[in-house]
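Here the protein sequences come in this chain order: A and B.
Here my numbering is used: the first residue of the first sequence is 316, the next is one more, and so on.
Here my numbering is used: the first residue of the second sequence is 316, the next is one more, and so on.
Okay, so here's the structure we're looking at.
There are 2 protein chains.
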Amino acid sequence: MIIKSAEILCVGTEILIGDIVNTNAAYISAQLSELGISQYYQSAIGDNSERLEHCIKQALSRCDLLIITGGLGPTYDDLTKETVAKLAGVRMVTHKPSLERIKSFFESRNLTMTGNNAKQAMMPVGATVFENSCGTAPGMALEISASRFDDGSEDIYHAAESSVRTIILLPGPPHEMKAMFEDQVKPYLATRSDEILLSKNIMLFGISESAAEYVLSDMMLMSSNPTIAPYCGDGEVRLRVTARAKTPEVCEKKCAKAIEQILHTSVSDYFYGINTSLEKAVVTEACKLGLHVTTAESCTGGLTAGAITAVPGSSAVFDGGVVTYSNDMKKKLLGVRDETLRDFGAVSPETAGEMALGALELTGADISVSVTGIAGPGGGSEEKPVGLVYIAVASKAGLTNHPSHPVLCHPSASVCSHFTSDNTDITVLRCQFSDSRERVRTLSVKSALAALLSALRLAGTRKKH
Amino acid sequence: MIIKSAEILCVGTEILIGDIVNTNAAYISAQLSELGISQYYQSAIGDNSERLEHCIKQALSRCDLLIITGGLGPTYDDLTKETVAKLAGVRMVTHKPSLERIKSFFESRNLTMTGNNAKQAMMPVGATVFENSCGTAPGMALEISASRFDDGSEDIYHAAESSVRTIILLPGPPHEMKAMFEDQVKPYLATRSDEILLSKNIMLFGISESAAEYVLSDMMLMSSNPTIAPYCGDGEVRLRVTARAKTPEVCEKKCAKAIEQILHTSVSDYFYGINTSLEKAVVTEACKLGLHVTTAESCTGGLTAGAITAVPGSSAVFDGGVVTYSNDMKKKLLGVRDETLRDFGAVSPETAGEMALGALELTGADISVSVTGIAGPGGGSEEKPVGLVYIAVASKAGLTNHPSHPVLCHPSASVCSHFTSDNTDITVLRCQFSDSRERVRTLSVKSALAALLSALRLAGTRKKH
Numbered sequence: 316m317i318i319k320s321a322e323i324l325c326v327g328t329e330i331l332i333g334d335i336v337n338t339n340a341a342y343i344s345a346q347l348s349e350l351g352i353s354q355y356y357q358s359a360i361g362d363n364s365e366r367l368e369h370c371i372k373q374a375l376s377r378c379d380l381l382i383i384t385g386g387l388g389p390t391y392d393d394l395t396k397e398t399v400a401k402l403a404g405v406r407m408v409t410h411k412p413s414l415e416r417i418k419s420f421f422e423s424r425n426l427t428m429t430g431n432n433a434k435q436a437m438m439p440v441g442a443t444v445f446e447n448s449c450g451t452a453p454g455m456a457l458e459i460s461a462s463r464f465d466d467g468s469e470d471i472y473h474a475a476e477s478s479v480r481t482i483i484l485l486p487g488p489p490h491e492m493k494a495m496f497e498d499q500v501k502p503y504l505a506t507r508s509d510e511i512l513l514s515k516n517i518m519l520f521g522i523s524e525s526a527a528e529y530v531l532s533d534m535m536l537m538s539s540n541p542t543i544a545p546y547c548g549d550g551e552v553r554l555r556v557t558a559r560a561k562t563p564e565v566c567e568k569k570c571a572k573a574i575e576q577i578l579h580t581s582v583s584d585y586f587y588g589i590n591t592s593l594e595k596a597v598v599t600e601a602c603k604l605g606l607h608v609t610t611a612e613s614c615t616g617g618l619t620a621g622a623i624t625a626v627p628g629s630s631a632v633f634d635g636g637v638v639t640y641s642n643d644m645k646k647k648l649l650g651v652r653d654e655t656l657r658d659f660g661a662v663s664p665e666t667a668g669e670m671a672l673g674a675l676e677l678t679g680a681d682i683s684v685s686v687t688g689i690a691g692p693g694g695g696s697e698e699k700p701v702g703l704v705y706i707a708v709a710s711k712a713g714l715t716n717h718p719s720h721p722v723l724c725h726p727s728a729s730v731c732s733h734f735t736s737d738n739t740d741i742t743v744l745r746c747q748f749s750d751s752r753e754r755v756r757t758l759s760v761k762s763a764l765a766a767l768l769s770a771l772r773l774a775g776t777r778k779k780h
Numbered sequence: 316m317i318i319k320s321a322e323i324l325c326v327g328t329e330i331l332i333g334d335i336v337n338t339n340a341a342y343i344s345a346q347l348s349e350l351g352i353s354q355y356y357q358s359a360i361g362d363n364s365e366r367l368e369h370c371i372k373q374a375l376s377r378c379d380l381l382i383i384t385g386g387l388g389p390t391y392d393d394l395t396k397e398t399v400a401k402l403a404g405v406r407m408v409t410h411k412p413s414l415e416r417i418k419s420f421f422e423s424r425n426l427t428m429t430g431n432n433a434k435q436a437m438m439p440v441g442a443t444v445f446e447n448s449c450g451t452a453p454g455m456a457l458e459i460s461a462s463r464f465d466d467g468s469e470d471i472y473h474a475a476e477s478s479v480r481t482i483i484l485l486p487g488p489p490h491e492m493k494a495m496f497e498d499q500v501k502p503y504l505a506t507r508s509d510e511i512l513l514s515k516n517i518m519l520f521g522i523s524e525s526a527a528e529y530v531l532s533d534m535m536l537m538s539s540n541p542t543i544a545p546y547c548g549d550g551e552v553r554l555r556v557t558a559r560a561k562t563p564e565v566c567e568k569k570c571a572k573a574i575e576q577i578l579h580t581s582v583s584d585y586f587y588g589i590n591t592s593l594e595k596a597v598v599t600e601a602c603k604l605g606l607h608v609t610t611a612e613s614c615t616g617g618l619t620a621g622a623i624t625a626v627p628g629s630s631a632v633f634d635g636g637v638v639t640y641s642n643d644m645k646k647k648l649l650g651v652r653d654e655t656l657r658d659f660g661a662v663s664p665e666t667a668g669e670m671a672l673g674a675l676e677l678t679g680a681d682i683s684v685s686v687t688g689i690a691g692p693g694g695g696s697e698e699k700p701v702g703l704v705y706i707a708v709a710s711k712a713g714l715t716n717h718p719s720h721p722v723l724c725h726p727s728a729s730v731c732s733h734f735t736s737d738n739t740d741i742t743v744l745r746c747q748f749s750d751s752r753e754r755v756r757t758l759s760v761k762s763a764l765a766a767l768l769s770a771l772r773l774a775g776t777r778k779k780h
């Protein structure tokens with residue numbers, strides 16, 4: 316049986332009152348896309364048996380596969396399994412391996428298992444059970460004959476392909492759901508799709524989404540396999556290239572060709588990698604060159620270091636960094652001069668430069684990046700408004716050799732000074748961000764990472780010569 | 316006209332292929348909850364006119380208010396406004412103030428306005444237009460007589476209360492949508508609801524959700540106004556107390572009474588504040604006591620400092636901190652001894668203690684917290700598995716006076732040593748987290764903040780005596 320179309324239904328009152336963001340739907344959608352299974356509808360409802368039954372019937376009238384998350388818990392308002400069994404017209408029986416697993420889950424934690432936990436081991440007859448490696452509620456898949464749902468309803472927009480419909484039930488907690496999907500549901504579904512989708516993400520920094528779209532609009536409109544779609548977030552643009560074919564190899568080839576075409580356009584000036592992030596690109600590049608990097612942060616307060624160290628293996632190129640929030644710390648840890656702070660202030664190209672220089676000296680790294688700015692909401696002035704941020708990159712002399720400018724920078728940014736001091740090259744960027752404190756900090760981190768990456772790439776070019 | 320029930324429909328293929336997480340739905344749900352407007356369904360569909368029309372009709376058959384996000388852009392696949400106008404049976408006309416705003420948006424950015432941008436200023440006759448302060452697409456509200464949708468369909472589960480239905484269209488980009496909702500939609504809706512909801516969040520750290528539920532189950536089952544609901548995430552439990560009444564004052568009173576009852580139970584051992592976060596509580600407590608805090612981080616790589624500095628005003632109590640990822644940096648910046656690293660390793664109570672001590676000396680703060688651990692995925696051993704993390708809090712002698720243990724710690728954590736060194740009290744916690752690198756780091760940051768907060772609260776108690 317081949318599954319062509321799917322729907323996702325997320326059950327939980329906490330979604331409807333806005334208490335949680337429905338990340339499960341996005342995760343499952345992305346997974347289904349990769350498996351080549353289309354979706355036309357997604358829904359969320361509360362913990363209500365009547366509405367659940369209605370939604371399941373409606374979904375099964377228009378798709379081959381319905382994935383439901385949530386409502387598998389032990390309490391009275393967890394109704395999903397019971398509702399599905401009723402619709403399928405099958406009994407619920409105890410699934411012994413699940414009961415054993417639940418028992419040992421409680422035993423290993425020295426907890427008392429209450430009666431309602433045993434309810435979690437009850438499964439509709441005929442279900443394929445998915446083990447829960449992170450919690451107590453098992454998941455399941457159940458195939459149901461379409462005749463049970465064919466009520467001649469008018470809203471069958473996308474009639475399912477087959478005479479059998481599949482319902483998959485997954486637990487609501489995202490980490491339980493993801494582990495189950497990855498380990499068990501994906502292999503289960505992979506055999507039920509006749510084509511696969513494969514996506515590659517072309518990562519750009521320093522160009523707006525509309526500018527990228529302008530450059531590529533003809534290419535995007537004319538492409539159907541692979542498709543090209545731009546997405547933006549936090550100052551970055553991601554071009555998603557998606558190919559559909561019978562095998563991964565054919566998909567790879569189709570993607571590679573499209574990527575080559577795209578990188579022949581002017582967006583290549585903003586390109587930093589495929590399927591990566593700025594922090595991963597920084598760590599990869601530094602590893603390749605055998606160079607150590609460091610950070611000196613004021614307004615970003617440790618988040619740049621936090622991003623770099625999020626990358627497994629970053630310890631090979633990052634020994635440490637400092638957060639110098641007050642002027643005193645900038646002087647004490649980084650050797651920023653009293654006169655500099657007095658004459659130009661903490662948020663100035665001069666201070667940024669001395670911070671970057673100090674960080675090199677303090678840590679012995681090859682390249683450093685510093686960030687100082689006004690994250691807001693308070694602290695701005697007419698001369699130095701909220702969102703003004705200076706970013707400096709310092710590197711041992713000759714390593715980057717006065718780059719004319721870092722290649723990758725936010726559209727609002729420009730190079731405001733270069734200088735050499737104590738055998739060190741320093742380049743300072745001036746950025747003006749807008750929006751909230753959170754966003755100013757996020758864009759500052761991204762810009763700092765991009766500046767660091769640009770310096771590393773330049774160092775790589777120099778090394779070759 | 317009073318609005319009792321609403322539905323949210325998010326339009327955009329990027330949602331269905333899992334390329335973005337639908338945060339708009341969660342935001343609007345939370346806002347509607349506050350306004351006392353109930354929801355029973357949420358859906359998402361792609362950029363498809365036929366399905367859009369079907370979903371609008373279905374939604375209007377079962378609610379008073381339908382909020383649609385997305386599809387207001389300038390391109391061919393943005394169809395929401397046109398579809399709604401067609402359903403309402405009204406013409407589209409140019410809304411001149413919107414056209415002027417769009418023109419000046421382009422002029423101020425020195426960009427050429429193309430013809431399709433003018434399309435964004437077209438509005439259905441009779442619509443209330445909402446200005447877009449962050450982008451080009453205006454939003455709108457339109458009231459439609461219910462008779463246009465009453466097709467006798469069977470799936471009218473929650474028949475709307477009134478004979479007039481309201482459709483609100485909002486732009487898809489979250490920052491545009493939020494600004495518009497906050498400034499214009501909320502006041503528009505506030506006059507159309509006869510009761511309000513008000514929620515207070517009781518924040519707990521160190522207790523599992525099931526344990527909290529066990530303690531409070533009777534209270535939760537018996538409460539209807541206010542309701543009490545537990546939510547968990549990243550090792551924290553949030554108890555949401557929600558009251559419904561005609562005025563905020565009555566809501567406040569109802570909530571206060573329930574909170575008092577809850578804090579009379581054993582969950583109060585894990586309580587750290589109302590409507591706050593660990594980092595906000597740390598900054599608030601430190602400000603109150605006039606004490607400075609600092610951080611020395613290894614496996615969390617700057618994220619603890621990043622969390623503290625996310626709080627506006629944190630500069631009053633946080634001067635800076637260090638990220639010491641390598642052993643060399645631990646020695647150089649924090650004075651961790653060679654012998655300690657050699658005999659006990661970087662991930663040990665001894666190293667954590669010396670890191671916290673070194674951070675106090677380096678920064679001159681009153682209380683410091685250090686974190687060292689194995690975040691994974693590599694680097695673990697049988698003796699020191701991935702997820703093993705030591706957290707130390709050091710404070711000037713007498714300030715916290717050998718706390719028997721920090722009050723707030725993750726269920727997996729326990730105090731493994733106290734000692735006094737150089738007039739400093741040091742307490743070390745041993746934590747064993749599981750799951751991914753990201754989650755180990757997140758739980759480590761939360762635990763470090765909780766340990767810091769516990770020390771501050773103890774210092775506050777001492778100060779009073």
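Every residue, glycine too, gets a C-beta built ideally from N, C-alpha and C.
All figures in this text were calculated on a predicted structure; none of them were measured in a lab.
Only residues of its own chain outside the window of five on either side were considered, and among them 610 and 636 have a CB closer than 6 Å to the CB of residue 620/B, listed in chain order. Around residue 644/A, the beta-carbon contacts reaching into chain B at under 7 Å are 634, 635 and 678. By the CB criterion at 7 Å, residue 361/A and residue 331/A fall inside the cutoff. In this structure, residue 541/B and residue 569/B form a Cβ contact; the two beta carbons are roughly 5 Å apart against a cut-off of 8 Å. Shown here for residue 608/B: same chain residues with a beta carbon closer than 8 Å to its own, the five before and five after excluded, namely 597, 601, 623, 632, 633, 680, 681, 682, 683, 684, 767 and 771 in chain order. Listed along chain A, no residue sits closer than 8 Å to residue 747/B by beta-carbon distance, the nearest being about 13 Å off. Residue 327/B is positioned such that its CB atom lies closer than 7 Å to that of residue 487/B.
The beta carbon of residue 765/B lies closer than 8 Å to those of 520, 521, 587, 593, 721, 723, 724 and 725 in the same chain, with the five residues before and after it left out. Nearest neighbour of residue 576/B by Cα position, chosen from 674/B, 365/B, 537/B and 630/B, turns out to be 537/B. Partner residues in the beta bridge of residue 559/A, as assigned by DSSP, are 512/A. Contact annotation: in the segment 330-350 of chain A, residues whose CB is within less than 8 Å of a CB in chain B are 330, 331, 332, 333, 334, 335, 336, 337, 338, 340, 341, 342, 343, 344, 345, 346, 347 and 348.
Within chain A, the residues whose beta carbon sits less than 8 Å from that of residue 359/B are 340, 356, 357 and 358, listed in sequence order.
Where residue 437/A is concerned, the enclosing beta strand (DSSP E) starts and stops at 437-439. At a cut-off of 7 Å between beta carbons, residue 532/B makes no contact with chain A. Contiguous alpha helix (DSSP H) elements confined to the segment 526-613 of chain A occur at 563-577 and 593-604, taking only those with 4 or more residues. The alpha-carbon of residue 615/B is positioned some 39 Å away from that of residue 353/A.
Inclusion of residue 689/B and residue 708/B in the CB contact set at 7 Å is not warranted, their separation being larger than that value. Judged by beta-carbon spacing, residue 556/A lies within the 7 Å limit of residue 515/A, meaning their Cβ atoms are closer than that value. For a Cβ distance threshold of 7 Å, nothing in chain A lies close to residue 601/B: the least Cβ distance comes to about 13 Å.
For residue 630/B, the chain A residues whose C-beta falls within less than 8 Å of its own C-beta are 640 and 641, listed in chain order.
Taking C-alpha positions only, residue 451/A is separated from residue 548/A by approximately 36 Å. In the structure shown, residue 684/B adopts extended strand secondary structure according to DSSP, grouped into three states. Contacts between residue 648/B and chain A, judged by CB atoms closer than 9 Å, involve 635, 637, 648, 677 and 678 in chain order. Distance check between residue 454/A and each of 574/A, 396/A and 343/A places 396/A closest, using alpha-carbon atoms only. Ranked by how close their Cα comes to the Cα of residue 325/B, the residues 318/B, 317/B and 344/B have 344/B in first place. In the assembly as shown, residue 761/A is a buried residue. Its beta-carbon has 16 or more other beta-carbons within 10 Å.
Apart from the 5 residues on each side of it in sequence, residue 703/B sits with its Cβ closer than 7 Å to the Cβ of 662, 688, 689 and 747 in its chain, given in chain order. Within chain B, 625 and 627 have C-beta atoms less than 9 Å from the C-beta of residue 752/A, given in sequence order. Against chain B, a Cβ distance below 7 Å from residue 620/A picks out 616, 617 and 638.
At least one C-beta of chain A is nearer than 7 Å to the C-beta of residue 692/B. Among the residues facing chain A, residue 585/B is not included, as its CB has no counterpart in that chain under 7 Å away. For the 7 Å CB-CB criterion, residue 351/A and residue 483/A do not form a contact.
Below the 9 Å Cβ cutoff, chain B contributes 750, 751 and 754 as neighbours of residue 490/A, in chain order. Residue 443/A has 456/A as its beta-bridge partners, per DSSP.
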